[in-house]
Amino acid sequence: MLPAALLRRPGLGRLVRQARAYAEAAAAPAPAAGPGQMSFTFASPTQVFFNNANVRQVDVPTLTGAFGILAAHVPTLQVLRPGMVVVHAEDGTTSKYFVSSGSVTVNADSSVQLLAEEAVTLDMLDLGVSVRGETEAQSRSKLPKSSLATGEGAQWRGRCWAAVPALPSAPACSLQAAKANLEKAQAELSGAADEAARAEIQIRIEANEALVKALE
78 MLPAALLRRP GLGRLVRQAR AYAEAAAAPA PAAGPGQMSF TFASPTQVFF NNANVRQVDV
138 PTLTGAFGIL AAHVPTLQVL RPGMVVVHAE DGTTSKYFVS SGSVTVNADS SVQLLAEEAV
198 TLDMLDLGVS VRGETEAQSR SKLPKSSLAT GEGAQWRGRC WAAVPALPSA PACSLQAAKA
258 NLEKAQAELS GAADEAARAE IQIRIEANEA LVKALE
């Protein structure tokens with residue numbers, strides 16, 4: 078779990094409102110990716126960031142190493158490690174997210190599904206708290222210290238968490254937690270009040286089903 082201290086509380090309400098909007102969008106059918114295009118879906122159990130959006134490239138951190146995904150990439154299923162996901166839009170802009178764990182699936186039709194146990198945009202991470210966490214991580218793991226002024230500022234959050242998984246505050250993905258989240262979401266589905274709520278819960282179910290499959 079991402080520690081609560083890392084999240085800037087003023088933005089939490091915005092995320093909750095966005096989650097409902099994304100759930101409504103997810104309920105609508107999405108167009109298939111055309112030649113040279115990649116259809117990208119990115120979700121956590123609580124929020125949808127992209128729903129079958131056409132993007133140019135996605136950079137992901139996995140247990141076998143970080144790599145970039147383009148259209149026509151070789152099909153693969155990988156387990157995510159804590160680190161940075163970078164989404165390159167077709168207009169050249171990029172958006173960055175920190176993920177704790179999860180899975181990424183690349184299909185033969187150039188569709189990609191990234192399902193994270195937890196994910197936040199970088200502007201939701203508190204710099205001061207994370208710097209203190211990195212200092213503690215370096216102390217415990219005896220890693221060499223690095224400067225945020227060396228151009229590696231976009232990578233330090235991932236190093237902070239990934240370098241020392243034994244820290245109590247480090248995010249971790251467990252099969253037991255994924256199964257518990259899946260059962261909870263399945264139980265909530267029958268009591269959903271409207272279509273938007275059902276769509277949101279269904280996304281949580283699919284995300285946790287993928288996590289269980291990847292971890293078993």
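The opening position of the sequence shown corresponds to residue 78 in our numbering, with each subsequent residue numbered one higher. For every residue, glycine included, the Cβ atom is placed at its ideal position computed from N, Cα and C.
Per-residue DSSP class, three states only, for R281 | Within the sequence shown, the letter at position 204 stands for residue 281. Helix at R281.
With a 10 Å radius around its C-beta and 16 neighbouring C-beta atoms as the bar for buried, classify A262 as buried or exposed.
-> For the purposes of this step, residue 262 is taken as residue 185 along the sequence shown, with counting starting at 1. The residue in question, A262, is buried, as its Cβ has 16 or more Cβ neighbours within 10 Å.
CA-CA distance, M115 and L147?
-> As a first step, residue 115 is located in the sequence shown; it is residue number 38 there, counting from the start. As a first step, residue 147 is located in the sequence shown; it is residue number 70 there, counting from the start. Rounded to whole angstroms, M115 to L147 spans 7 Å at the Cα level.
Give the secondary structure of V289 by DSSP, where H, G and I count as helix, E and B as strand, and everything else as coil.
-> Within the sequence shown, numbered from 1, the residue matching residue 289 stands at position 212. Here DSSP, grouped into helix, strand and coil, assigns V289 to helix.
Quick one: what's got a C-beta closer than 6 Å to A193's C-beta in the same chain, skipping five residues either side?
-> The sequence position of residue 193 within the sequence shown is 116, counting from 1. Hits under 6 Å: S121, V176 and G179.
Decide if V197 is buried, meaning its Cβ has at least 16 other Cβ atoms within 10 Å, or exposed.
-> Numbered from its first residue, the sequence shown carries residue 197 at position 120. A residue is called buried once 16 or more other Cβ atoms fall within 10 Å of its Cβ, and V197 is buried on that count.
Is the Cβ-Cβ distance between Q155 and T139 less than 8 Å?
-> On the sequence shown, position 78 is the one that residue 155 refers to. On the sequence shown, position 62 is the one that residue 139 refers to. Yes, the pair counts as a contact, with Cβ atoms nearer than the cut-off.
Report the residue from L157, A255, E167 and N184 whose alpha carbon sits nearest the alpha carbon of Y174.
-> Translated into the one-based positions of the sequence shown, residue 174 becomes position 97. The shortest C-alpha separation from Y174 is found at L157.
Taking DSSP as the reference, what is the three-state secondary structure of R133?
-> Walking along the sequence shown from the start, residue 133 turns up at place 56. Strand.
What distance in whole Å lies between the Cβ atoms of I282 and L37, which are believed to be in contact at a cut-off of 8 Å?
-> Here the chain covers residues 78 to 293 and nothing more, so residue 37 does not appear.
For L191, which three-state DSSP category applies?
-> Walking along the sequence shown from the start, residue 191 turns up at place 114. The three-state secondary structure of L191, taken from DSSP, is strand.
Per-residue burial, L266 [other beta carbons within 10 Å of its own, 16 or more giving buried] = Taking the sequence shown and counting its residues from 1, the one referred to as residue 266 is at position 189. With fewer than 16 other Cβ atoms within 10 Å, it is exposed.
Would you call V137 buried or exposed, if buried means 16 or more other Cβ atoms sit within 10 Å of its Cβ?
-> As a working note, residue 137 is residue 60 in the sequence shown. With 16 or more other Cβ atoms inside 10 Å of its own Cβ, V137 counts as buried.
Determine the direct distance from the alpha carbon of P159 to that of A231, and round the result to whole angstroms.
-> As a position in the sequence shown, residue 231 is number 154, starting the count at 1. As a position in the sequence shown, residue 159 is number 82, starting the count at 1. Note that A231 scores 40 on pLDDT, short of 50, meaning its location in the model is unreliable; the coordinates nonetheless yield the value given after this. Taking the straight line joining both Cα atoms gives about 14 Å.
With distances taken from CA atoms, which of S188, G142, A270 and V125 is nearest N131?
-> Here the question's residue 131 lines up with position 54 in the sequence shown. The candidate whose alpha carbon is nearest that of N131 is S188.
Kindly indicate which three-state DSSP category A149 falls into: helix, strand or coil?
-> Counted from its first residue, the sequence shown places residue 149 at position 72. Note: A149 maps to coil in three-state DSSP.
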